[in-house]
Each structure stands twice: as C-alpha cells, then as structure tokens.
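S.K.:
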DNA sequence: CGCAGCCTTGACCATTATCAACGCTGGTGG
DNA sequence: CCACCAGCGTTGATAATGGTCAAGGCTGCG
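Chains as they are written, first to last, in my numbering: chain A, 32 to 276; chain B, 32 to 276.
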C-alpha cells in the first residue's frame, strides 16, 4: 500500500466505467448502474491513483481499509499457499470493483498488471455511503452476485475441464471483460504473462504455451504478437471450450 | 420444480438459522443478521417446503423465479458440462441462502442431498421487499460477499492443491458450515456420497476413497461409519491442507 | 437371501507437471 | 551501433499424480 502514487482528482473516468463495474458476465447491460448525481456524490469520497506494473492495491492479511474501482488498465487478484503456489482468482479491468471483505483483513492480494488507474475509497466512509444510498447498495449487490456467478464458472473450469478446454474458455471470455479491446470481438488482448494465465487456469506456463501452439498450428487462432491474438475459428474454439471436441 | 412438496407454514425454523444464513466463512458472528420483526415480515412472503433426497430446487437454465433459504438438511449446488461432467460449487446447510441470479435464468442446479426443508420466496416479491428494507439488503450483501470469499478459496483448492490437500481442507472446512454437527468439532458428518465429494473437489471417487484410506491408515482420521468420521490429529490434517507436509 | 447401490482396492494408463535447454526480444551500456 | 544480458516464451524428454478400467466387498432393503 506504500508504493502507490495517489492523486486526488475528480475520478472522472470512473463514470464511464461504472455502468459495468464489477461485472463478470457477458451481458454488461444487466449490471446495476448509478446516475450522475450519485456518482458525483461518490467522487467526493474517492482518491484517484495511478499504478505501475506490479504495484500493490491489496495485500492478503492486511487490514481491509479500502475499496477500489479500477478505471483503466488491468489488475490481478490472487491467493497464495504458504509454499508460494499462486491461484489468480480473477483479472480486473476498467469498471471492475475490488476490495469487499467480510472480516477485518483482506483474504486476497491484488496488483496492477500494466499501468493502471483506480479510485480508492475509505472503507468506513464507503460503508456509510452505502447505508444511506439504497441504489448504490443494490448496484453493489448486483456486482457481487455477478462475481459469484463468474467464480462458479471458474470452479467448473478448474475442477472439470482439460487444459485445452480451459484455454479455449479463457480466450473466449477475456474480451468480454476487457473494455480496452482495440477492435473486433475476435481480437484478444493478453496484458498478462503466460505465468499469470497459468496461475489463473490452474496450469503451468509450459502447458499454456503448448496448447496455444497447438491452437495456432491447427488454425484456430493466430498469434499477432506475444500479447495479442486473433480467433480465426470462433465456432471451433467454442466447441473446444465446451468439451465437444 | 414440480417434484417438490410445498407446505405453506410460518417458516419458523428459518429464524434460528438465519443468523448465519449463506455464510461460507468460519466466523458466523460476522454474518449479517436480521431482527425478529424483519423475519416476521419475511415469513409472510415464504412457502415452507419439504424435500426428499434428489428433489430439485433449481435447474440450470430454468427461469429464475424463486429464492430459497435452507432451514434443515443439506443441498448440493452444481454446474454441468454438455458431456455430463459435474462440478459441485457448494454444499448448503441450514441457514444458507440460494438462488440469487443476475440474468433471467439460473446458471446452476440445486438438489437436496438428504431429507431437507427450505423456505421459498417469489423472486419479484423478495426483490421488492429487499428494496424497501435496507437491513435485509445489507444482510444479503454480506452473505454474498462471504460466498464470494469461499468461492475464491475453492478456486485456490481446485487450481493449486493436490488430492491429499483438497481432502484435508474439505474435512476441516465442512463442520464449520454444517450446523447439524452432532458433537465436538473433530466430528465430521458426511451427508454426501463419495461421488459428490469428488465432484466438489475436482477428483474421482477412486481418488477420494484412496486418500481417505491413506488418512485412516496413517491415523489422521478414524472412520466411524461411511458417513461419519473423527479427526484424530487436527494439527497434522491442517498441515496437510496447507501443503506443509 | 439376493440384489442394487455404493465403496474400496488393484493394475494400468494418460494428461499434465517437472526439468532442462534453447530462442526471442527489448533495454542498457560499452 | 552493436553486443550482452535478463526476462519471458517455446520446445523436448522424462516423471508423477491422478484418471480409467475392472473386480470384488459391504450394507441395507425388499
């Protein structure tokens, strides 16, 4: 929490992003949204901060004093085992919400993947605000419900899908979450490393690399660069993701 | 939804259970609770229903018309892949909450494991009630946040733990969720079959059976019956669960 | 008593992890 | 401007965890 550059600003970017904040689903429209007056009120509570790659938003075990709204870039959320094994539980993008905890401490860590910005709220102030603002609370409930549904889908992936199915699912889901997608839907931006993809999918970097190579060789995808690819055969990829091949 | 015996009653059992409803964490005390007046108000909206083993509360893909509060027994919540692979995303016990969905249809199925009871609410009525009752909404948000934290812990388990670690974690966590535990904390009731444990932990029944046998042989647990066991060496089991052995 | 369903155990196999070497790329400093 | 290096990614060989297939045992119920 100390290596972050905090700039108090009007938090303007959040506004555009807020409509689908915390949304783990494909259908952004169903997310709870707030009107401009409510967002103005929220702005007075927030600090805008700029994050460099690797900067820490939240550390597992630290007191849960803040909540965040990601306004640009991307963030990894993860849990660790004592021996260092890491499970990334989610990637967050502009509009996503972070930091709800049930106890006094965070049960997860969160770090910026690329240069990113976020709005930071003090937990107490935010909680009071939520209490006095039913619309905000409803939006929050909607987001958390979305996240829970996404988490259940990820459990299915981790518990029952093969490596090939996991990576196909990942490539299909990622663009829906990332509002930064530069062009058409078949274009996938991968701001994260292979190690992060592996830790998200419960695989090793070698397996991720091998499966991507196989997809490339079989013409399902085309690698534009290390961090960008195009889905050449979406139907086939969807079939693979659902275990129909 | 058709094979369920619905009995409109005052839904009294829910009251005792409600204090920790939906709670996926060890610390039941942090869960949002409602006072008696609020519960009375809720009772007027609910049908009490009795479920036999295998009875369906919710079917994946069906319109999301209801919400449930489990009042006794146990329920499995799961997702399926087209070829029948199943991932159980959670076991619910008395006091747990079920049925929040973001879209118009359920993204999961839920069935009774043993003879159980539940309170059923019409989604629209419940939503209106929530809108007019901030305390209820806050309690709901708290529960869903708990569930989300539990889901993240389960992702770590499914993505990064070995079979042995998964089963140790499962045996340690289960009693905290099950208010029916008959006696001391080292006593574990297993209302579910080996197949359900396997589908919850991302393993096969054979692996579950083998690991339980190994734990038994090494003296960490003692099998009292097929569906009941005692943890003989909790410290050792905790060490196994965290990968320290 | 016999059967069905669930569980356990064993033999074998496959997917994925591990270990190792090499290649690419981008940044830095001579 | 080029060479080197570090970090990341790819590829290959081998190993191990857990899955699959198969047989047999236990238990409860009709």
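Idealized CB from N, CA, C, for every residue including glycine. Remember, it's a predicted structure, so these values are computed and weren't measured experimentally.
For the candidate residues 154/A, 107/A, 101/A, whose alpha-carbon lies nearest to that of residue 94/A?
M.R.: Proximity to residue 94/A across 154/A, 107/A, 101/A peaks at 154/A, based on C-alpha coordinates.
S.K.: Apart from the five residues just before and just after residue 111/A, which ones in its own chain have a Cβ nearer than 6 Å to its Cβ?
M.R.: Closer than 6 Å at the Cβ level, and outside the excluded window around residue 111/A, lie 117.
S.K.: My output table needs one value for residue 261/B: the three-state DSSP class, helix, strand or coil.
M.R.: strand
S.K.: Taking just the CA atoms, how far does residue 224/B sit from residue 241/B?
M.R.: 15 Å
S.K.: Is the Cβ of residue 139/B closer than 9 Å to any Cβ of chain A?
M.R.: yes
S.K.: Nearest by alpha-carbon distance to residue 106/A: which of 98/A, 115/A, 122/A is it?
M.R.: 122/A
S.K.: My guess is that residue 124/B and residue 209/B are in contact by the Cβ rule of under 8 Å, so how many angstroms apart are they, rounded?
M.R.: 5 Å
S.K.: Taking 9 Å as the threshold (beta carbon to beta carbon), is residue 226/A in contact with chain B?
M.R.: With 9 Å as the cut-off, residue 226/A does not count as an interface residue toward chain B.
S.K.: Is there a Cβ from chain A that is less than 9 Å from the Cβ of residue 29/B?
M.R.: This structure leaves residue 29/B out entirely; chain B is present only between 32 and 276.
S.K.: Whole angstroms are fine: how far does the CA of residue 128/A sit from the CA of residue 178/B?
M.R.: Spanning the two alpha carbons is a distance of roughly 16 Å.
S.K.: Does the CB of residue 208/B have a neighbour CB from chain A at under 9 Å?
M.R.: For residue 208/B, the nearest beta carbon of chain A is not closer than 9 Å to its own beta carbon.
S.K.: Since residue 227/B is in the alpha helix (DSSP H), which residue starts that stretch and which ends it?
M.R.: 225–232
S.K.: Could you give the uninterrupted runs of the beta strand (DSSP E) lying entirely in the region 112–183 of chain A, keeping only those of 3 residues or more?
M.R.: Those beta strand (DSSP E) runs which fall completely within the region 112–183 of chain A and span 3+ residues are 117–124, 140–143, 147–153.
S.K.: Which of the residues in the region 106–121 of chain A, read from start to end, lie with their CB under 9 Å from any CB of chain B?
M.R.: Listed in sequence order: 108, 109, 110, 111, 112, 113, 114, 116, 117, 118, 119, 120, 121.
S.K.: DSSP state of residue 249/A, grouped into three classes?
M.R.: coil
S.K.: So the candidates are 120/A, 151/A, 134/A; which of them puts its Cα closest to the Cα of residue 190/B?
M.R.: Nearest C-alpha to residue 190/B among 120/A, 151/A, 134/A: 120/A.
S.K.: On a CA-only basis, which of 202/A, 135/A, 275/A is nearest residue 259/A? Give me that one, please.
M.R.: 202/A
S.K.: Tell me which residue opens and which closes the beta strand (DSSP E) that residue 276/A is part of.
M.R.: Segment: none, residue 276/A is in no beta strand (DSSP E) and carries neither H nor E.
S.K.: By the DSSP assignment, the beta strand (DSSP E) with residue 90/A in it spans what residues?
M.R.: Residue 90/A -> no beta strand (DSSP E), and no H or E assigned at all.
S.K.: Taking the C-alpha atoms as reference points, what is the distance between residue 174/A and residue 139/A?
M.R.: 18 Å
S.K.: In whole angstroms, what is the alpha-carbon distance linking residue 197/B and residue 161/A?
M.R.: 37 Å
S.K.: Cβ atoms of residue 142/A and residue 85/A: under 9 Å apart, would you say?
M.R.: yes
S.K.: Please identify the residue among 194/B, 252/B, 149/B, 248/B whose C-alpha is closest to the C-alpha of residue 78/B.
M.R.: 149/B
S.K.: Output needed for residue 187/A: all residues of its chain with C-beta closer than 6 Å, excluding positions within five of it in sequence on either side, in chain order.
M.R.: none
S.K.: Is it right to say residue 91/A is buried, meaning 16 or more other beta carbons lie within 10 angstroms of its own, or is it exposed?
M.R.: exposed
S.K.: Locate the alpha helix (DSSP H) running through residue 195/A, then write down its first and last residues.
M.R.: 194–208
S.K.: Of all the options 114/A, 147/A, 267/A, 151/A, which has the alpha carbon lying nearest to the alpha carbon of residue 131/A?
M.R.: 151/A
S.K.: Find the residues of chain B that neighbour residue 177/A, judging by a C-beta separation of less than 7 Å, and give them in chain order.
M.R.: 133
S.K.: Report, in whole angstroms, the separation of the C-beta atoms of residue 172/A and residue 168/B, which I expect to be a contact under 8 Å.
M.R.: 6 Å
S.K.: According to DSSP, simplified to helix, strand and coil, what is residue 77/B?
M.R.: strand
S.K.: Counting only beta-carbon atoms, is residue 168/A nearer than 9 Å to chain B?
M.R.: The Cβ of residue 168/A sits closer than 9 Å to at least one Cβ of chain B.
S.K.: Of the residues 262/B, 192/B, 230/B, 251/B, which one's Cα is nearest the Cα of residue 215/B?
M.R.: 262/B
S.K.: Taking only the alpha-carbon atoms, compute the straight-line gap between residue 234/B and residue 200/B and give it to the nearest angstrom.
M.R.: 14 Å
S.K.: Rounded to whole angstroms, what's the CA-CA distance from residue 252/A to residue 218/A? Just pull it up for me.
M.R.: 10 Å
S.K.: Less than 7 Å between C-beta atoms, sequence neighbours within five positions excluded: which residues of the same chain meet that for residue 271/B?
M.R.: 195, 196, 199
S.K.: Just the Cα atoms here: how many angstroms apart are residue 135/B and residue 184/A?
M.R.: 17 Å
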